[in-house]
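A.B. asks:
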Amino acid sequence: MRILFLFLFGIIWGNSDPKETVDLTIVVTNIKTVTGKVEVGVFNQSKTFLQKGKAYKSYTAKVTGNVVTFTLKDVPKDYYAISVYHDKNSDNECNLNFLGIPREPYGFSKNFKPKLSKPTFEDCKINTQKNTSVVIELIN
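For the sequence shown, position 130 matches number 130 in the UniProt record's numbering, and the numbering has no gaps at all.
In structure tokens, the structure reads:
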């Protein structure tokens, strides 16, 4: 009887559905200079938001026009916050001025525009319960 229970438990457990996924399209607009590349960080945790190397997923695309589009397939349904910057000189850094403000164009999901401090995960959080398209206009 115990073996039958374990067998049935294994079948039920083994057939449980994996986390549902969706497609997430990120459209980056307001690219003024057709040089360099666009870097995107997709974050799924508040504690790691905007920390270098801590994004859930990172993407890069060469700038070939005034708009760059990323389509992320099979993204687990969740809350995400997205940061983007236009690495105009392709040095793999978001160059900052002496106050720590980006010298290269940047943007965030929900087109959040920071005032005196960096945005929080909550400021930029989007919900991806269905296929989602996010337009992020760069701040120049």
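The beta-carbon is built from N, C-alpha and C at its ideal position, and this holds for glycine as well. Predicted model, so just to flag it, every value in this text is computed and none were measured.
Once you ignore the five residues that flank Lys125 on each side, which residues in its own chain have a CB closer than 8 angstroms to its CB?
C.D. replies: For the purposes of this step, residue 125 is taken as residue 125 along the sequence shown, with counting starting at 1. Only Tyr79, Tyr80, Ala81, Ser109, Lys110 meet the Cβ criterion.
A.B. asks: Let me check understanding here. Comparing Cα to Cα, which of Asn131, Thr48, Glu137 lies closest to Asp74?
C.D. replies: Position 74 of the sequence shown holds residue 74. Nearest C-alpha to Asp74: Asn131.
A.B. asks: Am I right that Glu39 and Asp87 are in contact with their C-beta atoms under 8 angstroms? What's the rounded C-beta distance?
C.D. replies: As a position in the sequence shown, residue 39 is number 39, starting the count at 1. As a position in the sequence shown, residue 87 is number 87, starting the count at 1. With 8 angstroms as the limit, Glu39 and Asp87 qualify as a contact, their Cβ atoms being about 6 angstroms apart.
A.B. asks: Can you pull the DSSP bridge partners for Ile139?
C.D. replies: Within the sequence shown, the letter at position 139 stands for residue 139. Beta-bridge pairing links Ile139 to Tyr106.
A.B. asks: Which stretch, first to last residue, makes up the beta strand (DSSP E) that contains Phe43?
C.D. replies: To locate residue 43, count along the sequence shown from 1; it is residue 43. Per DSSP, Phe43 belongs to the beta strand (DSSP E) from 37 to 43.
A.B. asks: Considering only the beta carbon of each residue, do Val63 and Lys37 sit closer than 8 angstroms?
C.D. replies: One-based indexing of the sequence shown puts residue 63 at position 63. One-based indexing of the sequence shown puts residue 37 at position 37. Yes, Cβ-Cβ distance for Val63 and Lys37 is below 8 angstroms.
A.B. asks: Hey, Val84 and Val34: beta-carbon distance below 8 angstroms or not?
C.D. replies: Counting from 1 along the sequence shown, the entry for residue 84 is found at position 84. Counting from 1 along the sequence shown, the entry for residue 34 is found at position 34. No, they are not a contact pair.
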